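Going from the sequence shown to my numbering is simple: count from 1 and add 30. Inspection log for the structure reproduced underneath, given as structure tokens.
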Amino acid sequence: MAKTLPFTGSGVAIVTPFDGDKTNYDELGRLIDMHIEQNTDAIIICGTTGEASTMPDEEHLAAIEFTVKHANGRIPVIAGTGSNDTKHAIELSKAAEGFGADALLVVTPYYNKTTQKGLIAHYTAIANSVNIPIILYNVPSRTGLNIAIPTLKELAKIENIVAIKEASGNIGYTAKVAAEVPELYIYSGNDDMIVPLMSLGAKGVISVVANILPQDTHDICAKYLSGDVEGSRALQLKMLNLINNLFIEVNPVPIKTAMNLLGYNTGNLRMPLCDMEEKNLEILKKSLTDYGLTVK
Numbered sequence: 031m032a033k034t035l036p037f038t039g040s041g042v043a044i045v046t047p048f049d050g051d052k053t054n055y056d057e058l059g060r061l062i063d064m065h066i067e068q069n070t071d072a073i074i075i076c077g078t079t080g081e082a083s084t085m086p087d088e089e090h091l092a093a094i095e096f097t098v099k100h101a102n103g104r105i106p107v108i109a110g111t112g113s114n115d116t117k118h119a120i121e122l123s124k125a126a127e128g129f130g131a132d133a134l135l136v137v138t139p140y141y142n143k144t145t146q147k148g149l150i151a152h153y154t155a156i157a158n159s160v161n162i163p164i165i166l167y168n169v170p171s172r173t174g175l176n177i178a179i180p181t182l183k184e185l186a187k188i189e190n191i192v193a194i195k196e197a198s199g200n201i202g203y204t205a206k207v208a209a210e211v212p213e214l215y216i217y218s219g220n221d222d223m224i225v226p227l228m229s230l231g232a233k234g235v236i237s238v239v240a241n242i243l244p245q246d247t248h249d250i251c252a253k254y255l256s257g258d259v260e261g262s263r264a265l266q267l268k269m270l271n272l273i274n275n276l277f278i279e280v281n282p283v284p285i286k287t288a289m290n291l292l293g294y295n296t297g298n299l300r301m302p303l304c305d306m307e308e309k310n311l312e313i314l315k316k317s318l319t320d321y322g323l324t325v326k
């Protein structure tokens, strides 16, 4: 039996707007509405781009609950509930399910990491604690840990582990996932590889650039899925310079800076993240204006 697909197309890894040491829920609500109006296909709340690692549990869970309530069934909501502490990940995951999240995004353990055997135990315990779909999040540059193909094969046997956000940047690895673990859906975790990964069967992207280009990012996926590969590729290549410059410093520093430059009220970054280097800020500004966006 086919696994449940949480969404198809462009899921935005949405920023968390801050006002000092608090979440700015007015702005978060406006952002959610904007994404729905501009055809984003899913909201991913409290991921890397949402600065979840600096959010205490109370704030983290409140942001998930708010997003689910504000979306009100208009768009799927996927909650980031990963942790390097299995018990903690289970607690977050159960709470997110209770709020009505449609699926969970669960990153591999970081810092303490684990073995491949430990990965199977970790994800199995989380999956057994909830009933909603789980998207594995493979991002070795952040965690120092890659999910091996044999491990994916074992995890794919679990009914509610349904997909992988593949952010290794290794297209050969992704091809192996597509060839050897067809039970798992794939989402691109890299904005510069949406089209290449969709050519291997990916169902869409969990995107950073969609924060500022929601319609265009949706269109890359929609065009590809409808058979307009040329149109999809043209958009991907048009966006490439801007995508690259959104990662000129560690994510989410450039995307949050870009949003403030474009008139959104996403507020401050939380330490240890800090303001961009001036030379990089100028490069980012130019790439925004070159794309046709208006810097305020």
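Even glycine gets a Cβ: it sits at the ideal position worked out from N, Cα and C. Since the structure is predicted, the reported quantities are computational estimates derived from the model, not experimental observations.
- Within the same chain, Cβ atoms closer than 6 angstroms to the Cβ of N310 are found at I278, E279, the five residues on either side in sequence being excluded.
- Put simply, of L276, A101, G231 the residue whose alpha carbon is nearest the alpha carbon of T70 is A101.
- The criterion of a C-beta distance shorter than 7 angstroms is not satisfied by G297 and K326.
- Straight through space, the alpha carbons of E312 and K195 are spaced by roughly 31 angstroms.
- Three or more beta-carbon pairs drawn from the region 107-114 and the region 76-84 are found closer than 8 angstroms, and the two stretches are therefore classed as touching.
- Taking the C-beta atoms as reference points, A240 is found no nearer than 7 angstroms to L214.
- By the neighbour-count criterion, in which a residue is buried when 16 or more other Cβ atoms sit within 10 angstroms of its Cβ, M269 is buried.
- Minimum Cα-Cα distance from N281 among the listed residues K233, D221, E67 corresponds to D221.
- DSSP places K195 inside the beta strand (DSSP E), whose first and last residues are 191-196.
- Under DSSP, V259 forms no beta bridge with any residue.
- Three or more beta-carbon pairs drawn from the region 138-158 and the region 175-188 are found closer than 8 angstroms, and the two stretches are therefore classed as touching.
- Taken through DSSP and simplified to helix, strand or coil, N102 comes out as coil.
- DSSP places K33 in the coil class of the three-state scheme, outside both helix and strand.
- Distance from the CA atom of P244 to the CA atom of K233, rounded to whole angstroms, is 17 angstroms.
- With contact defined as three or more Cβ pairs closer than 8 angstroms, the region 32-43 and the region 158-175 are in contact.
- Beta-bridge partners assigned by DSSP to N168: E196.
- Secondary structure at I188: coil, using DSSP grouped into helix, strand and coil.
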